[in-house]
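Numbering (full-length UniProt numbering), first residue to last: 10 to 347.
Using N, Cα and C, we set each Cβ at its ideal position, and we do this for glycine too.
A quick note: this is a predicted structure, and the numbers were derived from the prediction, not measured.
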Ligand code: NDP
């Protein structure tokens, strides 16, 4: 069973060398009488939140640090090989919390879900039909509370979550602009995902001026994925009673000291509601979200772009690439096809 483990705790930007491929000559099996489920992993998800778990925290974080030399936990798509749990049987396709390895003995079967829509590519369960889909749907509809005609701005807009938020905003009848870190990604936003406008933030000298050009009447909803200088520029361009939905702050994840926010006074003067959330709170409503997203996919109202790396040995490269913007769309790793 080959797996990817963290070799040492990380400070600053992670590197591929912080992780290692480990081969264990063990044959996993469900222990007699246990409710565990043995799965063969097909697709592994690479997600920015995993960076937090690569650091040793003195004060416990909202999610535990990775354990050195043990397979890295992640979301993924798998096939059941053997089950001690009445809800699963050999051959079932599932997604949920597994590990970066070829086979996982899932000891908490409450963290895996049966795949109800195998008519879509199974890899979609690392994206639109999995955790990023829950994040985009819940973050946009439940936290941002959009109304038709509102002005929406999304950062890291071509990524796993951003591409979905932009399309949900269009479905709602909003005007939506996205930012991304390359011309290729900007082109995707405009041509594939139907954003009304988009810009490459790395090429803009003055993001405040760019936002003023894109939103002459200001922004009602900012779906925040990056933080830092972008958040400061957005605050200057928010409308009265605007909402800032804090989904992620990827520009800060590799900094020892997070940057300050300079324009917080705008929150007061413009009566902005700034609210963070995590997808965790919404896993209880997962099946409703899965059905909604599957419906949008069937109707052609949502499309997705994935970046698929091949082979478990490429997990470190794919994971590190998120922090350099190397992924175009949802980053995942194909470990096996069936
Ligand atoms: P993406 O698919 O968007 O991949 C990450 C992208 O972030 C990169 O491709 C890059 O895009 C961008 N990025 C990297 N470094 C920087 C930087 N310094 N400044 C600006 N942009 C940067 O990832 P996800 O869609 O999975 O995640 C997006 C955000 O949502 C993250 O902040 C993540 O932590 C958060 N998240 C939160 C969840 C929650 O429960 N609250 C759940 C899932 C995700 P580009 O080339 O455009 O710069």
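Query                                                                                                                                  : Result
Reduced DSSP category for residue 252 - H, G, I as helix; E, B as strand; rest coil                                                    : strand
The alpha helix (DSSP H) enclosing residue 305, as first and last residue numbers                                                      : 295-307
Coarse secondary structure for residue 56, derived from DSSP in three states                                                           : coil
Through-space distance from residue 343 to residue 88, alpha-carbon basis                                                              : 13 Å
Residues that DSSP places opposite residue 207 in a beta bridge                                                                        : 187
Burial state of residue 274, where buried means 16 or more other Cβ atoms lie within 10 Å                                              : exposed
Contacts around residue 305, its chain only, beta-carbon distance under 6 Å, and the 5 residues preceding and following it disregarded : 311
Pick from 227, 52 and 25 that is closest to residue 113, judged by C-alpha positions                                                   : 52
Contacts around residue 316, its chain only, beta-carbon distance under 6 Å, and the 5 residues preceding and following it disregarded : 336, 337, 338 and 340
Whether residue 224 touches residue 276 by CB criterion (8 Å)                                                                          : no
Span separating the alpha-carbon of residue 60 from that of residue 307                                                                : 34 Å
Counted within 10 angstroms of its Cβ, other Cβ atoms place residue 97 as buried (16 or more) or exposed                               : buried
Residue nearest to residue 162 in terms of C-alpha spacing, selected from 103, 210 and 81                                              : 210
Three-state secondary structure (DSSP) of residue 316                                                                                  : strand
Contact belief for residue 166 with residue 188 at Cβ below 8 Å, rounded distance in angstroms                                         : 6 Å
Span of the beta strand (DSSP E), counted from its first residue to its last, around residue 284                                       : 282-285
Residues of its chain near residue 248, where Cβ-Cβ distance is below 8 Å and the 5 sequence neighbours each way are ignored           : 160, 226, 227, 228, 229 and 279
Whole-Å CB distance - residue 318 paired with residue 49, under 8 Å assumed                                                            : With 8 Å as the limit, residue 318 and residue 49 do not qualify as a contact, their Cβ atoms being about 18 Å apart.
The stretch 213-221 / the stretch 138-151 touching (three or more Cβ pairs under 8 Å)                                                  : no
Cβ pair residue 65, residue 82 closer than 8 Å                                                                                         : no
Straight-line Cα distance separating residue 239 from residue 79                                                                       : 36 Å
Given 8 Å, three or more beta-carbon pairs between the stretch 116-136 and the stretch 69-79                                           : no
At least 3 beta-carbon pairs within less than 8 Å: the stretch 17-24 vs the stretch 253-273                                            : yes
Contact test: residue 340 Cβ vs ligand 1 heavy atom, cutoff 7 Å                                                                        : yes
Residue 237 to residue 258 span [Cα, whole Å]                                                                                          : 7 Å
Distance cut-off 7 Å: residue 259 Cβ against heavy atoms of ligand 1                                                                   : yes
With 16 other Cβ atoms within 10 Å as the buried cut-off, status of residue 367                                                        : Past the boundaries of the shown model lies residue 367; the chain is included only from 10 to 347, so the question cannot be answered.
Proximal residues to residue 330 (C-beta, below 6 Å), its chain only, five neighbours per side dropped                                 : 336
Contacts around residue 134, its chain only, beta-carbon distance under 7 Å, and the 5 residues preceding and following it disregarded : 86, 104 and 124
For residue 99 and residue 45, the rounded distance between their alpha carbons                                                        : 12 Å
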